[in-house]
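Chemist: Below is a structure I'd like to ask you about.
Residue numbers (the UniProt record's numbering): 1 to 467.
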């Protein structure tokens, strides 16, 4: 049995302004009809697998759950990490979860933010890896390099073994001269960060080489709390876990590591230039997403989220427009976008963390205008969903229904509002909003008061466990 383990942590700061702390790249639709997480699972179609385990952090739990629900794969199968501790502990949690269910499956460990263009080749590599994993090998997938890349770690192959090779060595990201030598030798692969092995074998190797990580993960699983679709481990215990990648903790130390070569049009989409390189281009070498007009422009990546973007005489550049930010960068400098994110974070600006449009388990809201003592939001509530029973100390709210039906609790009263009807929520009054209908509820909320922060919410009851 193959159990997909999808690592869905990380923030992808080099893909700002689309990727942000609370909506990182693995939950975005970048290349394909679905989000990167959904595409990761979709490419396993036709492979005999169990329901996947998803590992993500607390802040992304409702996004992950909603995206799994959309593809009918939500089944209390999301492990929440209270803090990020890199891949070795994360995979250990998945292995322990599998073994607690009385099975010892082959764990197929995949990142949620990779793109693979040749799915048949990828699935053939899974078949080869599964044979090796059944024989107690710790298998990794090595990407056959197509260029002298300095942004990836490499794996040097050793003795041939069946359809793979023993791992001779893991090496760090090289300089351009070394990478050129690696490419010419034919003995090196890009380190993909994808693996396959038995759950029990991985835990045994982890216990052998990093018993401290193994012990913390075992203790963190004691008293596992299943909450809605989420598995919550012991926060206090897991905080003490060392942060270590699977490469350093296990794969570089074990004598059972093998590498399966993979040629499948793979990319980890580490920067905007990577997305340009794998996308379909027009005759001028441009990749356009959204409403774009270009004159005398070549080899650009232009993303327009909400408005027209026009370029004149622009070459080898990246332009990304979102509702609240615009990035303009030379294509060969996009690795430095993470410096912009750091500057935003150091300045305590919200643009590094959230989009103007923010997703919640009940729907979403879009902050369309704001001033010193007011804020205007467009709120969308999914059918059958309900916001928490709450109150605010510093702001009053006006709600105007645009479409759908709103069931409003105001103190001890309940009211139904339909299109063009409105209601006033005074400061300090307990209230709730629910969509009892069959279509999305859309309303305009006007907040006014001395403080309008999202932390001015006192929750008394919440179906999503946030009170």
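No residue lacks a Cβ here, since even glycine has one placed at the ideal position from N, Cα and C. Values in this document were obtained by computation on a predicted structure and should not be read as measured data.
So, are the CB atoms of residue 335 and residue 14 less than 9 Å apart?
Modeler: A contact, by the Cβ cut-off of 9 Å.
Chemist: Classify residue 221 as helix, strand or coil using the three-state DSSP reduction.
Modeler: Coil.
Chemist: Per the DSSP calculation, residue 311 is bridged to which residue(s)?
Modeler: DSSP lists 294 as partners of residue 311.
Chemist: Let me check understanding here. Comparing Cα to Cα, which of 286, 360 and 228 lies closest to residue 492?
Modeler: This structure does not reach residue 492, given that the chain is present from 1 up to 467, and the question cannot be answered.
Chemist: Per DSSP, what kind of secondary structure is residue 123 in: helix, strand or coil?
Modeler: Here residue 123 sits in helix by DSSP.
Chemist: State the start and end residues of the unbroken beta strand (DSSP E) segment that holds residue 261.
Modeler: 257-262 is the span of the beta strand (DSSP E), which, as asked, contains residue 261.
Chemist: Would residue 161 and residue 258 qualify as a contact pair, given that the criterion is a beta-carbon distance under 9 Å?
Modeler: Closer than 9 Å, so yes.
Chemist: Quick one: using the 10 Å Cβ neighbour count with 16 as the cut-off for buried, is residue 328 buried or exposed?
Modeler: So residue 328 counts as exposed.
Chemist: In the DSSP output, what is residue 434 paired with across the bridge?
Modeler: In DSSP, residue 434 forms a bridge with 386 and 407.
Chemist: Which same chain residues end up closer than 7 Å to residue 443 when comparing Cβ atoms and leaving out the 5 residues on each side of it in sequence?
Modeler: So the qualifying residues of the chain are 379, 399, 400, 401, 402 and 406.
Chemist: Just the C-alpha distance for residue 256 and residue 125, rounded to the nearest angstrom, thanks.
Modeler: Taking the straight line from one Cα to the other gives about 18 Å.
Chemist: Can you tell me the Cα-Cα spacing of residue 234 and residue 223, whole angstroms?
Modeler: Rounded to the nearest angstrom, the two C-alpha atoms are 7 Å apart.
Chemist: Do you know offhand how far residue 289's Cα is from residue 302's?
Modeler: Their Cα atoms are separated by approximately 6 Å.
Chemist: Counting along the chain, where does the beta strand (DSSP E) carrying residue 370 start and finish?
Modeler: That run of the beta strand (DSSP E) goes 363-370.
Chemist: Taking 6 Å as the limit between beta carbons, can you name the residues of its chain near residue 318, skipping five residues before and five after?
Modeler: Cβ within range, chain order: 272, 301, 329, 331 and 334.
Chemist: Is residue 457 closer than 9 Å to residue 430 when the C-beta atoms are compared?
Modeler: The answer is no: Cβ separation not under 9 Å.
Chemist: For residue 327, which residues does DSSP report across the bridge?
Modeler: Note: residue 327 sits in a beta bridge opposite 320.
Chemist: Is there contact between the region 91-103 and the region 149-161, where contact requires at least three CB pairs shorter than 8 Å?
Modeler: The answer is no - the region 149-161 does not touch the region 91-103, with fewer than three Cβ pairs under 8 Å.
Chemist: Based on the DSSP secondary-structure assignment, which residues constitute the bridge partners of residue 249?
Modeler: Residue 249 is not bridged to any residue.
Chemist: From which residue to which residue does the alpha helix (DSSP H) around residue 182 run?
Modeler: Start and end: 176-185.
Chemist: Enumerate in chain order the residues of its own chain whose CB-to-CB distance from residue 471 is below 8 Å, with the five nearest sequence positions on each side excluded.
Modeler: The question about residue 471 has no answer here: the residues shown for the chain are numbered 1 through 467.
Chemist: Measuring alpha carbon to alpha carbon, tell me which residue in 18, 177, 454 and 66 is nearest residue 229.
Modeler: Ranking 18, 177, 454 and 66 by Cα distance to residue 229 puts 66 first.
Chemist: Would you decide whether residue 211 is buried or exposed? Buried here means 16 or more other CB atoms lie within 10 Å of its CB.
Modeler: Exposed, by the Cβ-count rule.
Chemist: Count the other C-beta atoms from every protein chain shown that fall within 10 angstroms of the C-beta of residue 275, then say buried if there are 16 or more, exposed otherwise.
Modeler: Buried, since its Cβ has 16 or more Cβ neighbours within 10 Å.
Chemist: Suppose you measure from the CA of residue 122 to the CA of residue 58; what does that come to, to the nearest Å?
Modeler: Rounded to the nearest angstrom, the two C-alpha atoms are 31 Å apart.
Chemist: Using three-state DSSP, classify residue 4 as helix, strand or coil.
Modeler: Looking at residue 4 - three-state DSSP - the assignment turns out to be strand.
Chemist: What would DSSP say about residue 398, mapped onto helix, strand or coil?
Modeler: Strand, per DSSP.
Chemist: At the level of alpha carbons, what is the spacing between residue 350 and residue 138?
Modeler: Spanning the two alpha carbons is a distance of roughly 42 Å.
Chemist: Looking at residue 199 and residue 132, is the spacing between their C-beta atoms short of 9 Å?
Modeler: Contact flag unset, no.
Chemist: DSSP on residue 13, reduced to helix/strand/coil?
Modeler: Note: residue 13 maps to helix in three-state DSSP.
Chemist: When you compare the CB positions of residue 71 and residue 54, do they come within less than 9 Å of one another, or not?
Modeler: No, they are not a contact pair.
Chemist: For the beta strand (DSSP E) that residue 156 lies in, which residues bound it at each end?
Modeler: From DSSP, the beta strand (DSSP E) with residue 156 extends over 154-161.
Chemist: What first and last residue would you give for the alpha helix (DSSP H) that runs through residue 38?
Modeler: 36-42 is the extent of the alpha helix (DSSP H) around residue 38.
Chemist: So, for residue 261: in the same chain, excluding its five sequence neighbours on each side, which residues have a beta-carbon less than 7 Å away from its beta-carbon?
Modeler: 142, 144 and 189, listed in sequence order.
Chemist: Of the choices 416, 253, 461 and 218, whose alpha-carbon is the least far from that of residue 238?
Modeler: Out of 416, 253, 461 and 218, 218 has the C-alpha closest to the C-alpha of residue 238.
Chemist: Rounded to the nearest angstrom, what separates residue 185 and residue 193 at their Cα positions?
Modeler: One C-alpha to the other measures close to 22 Å.
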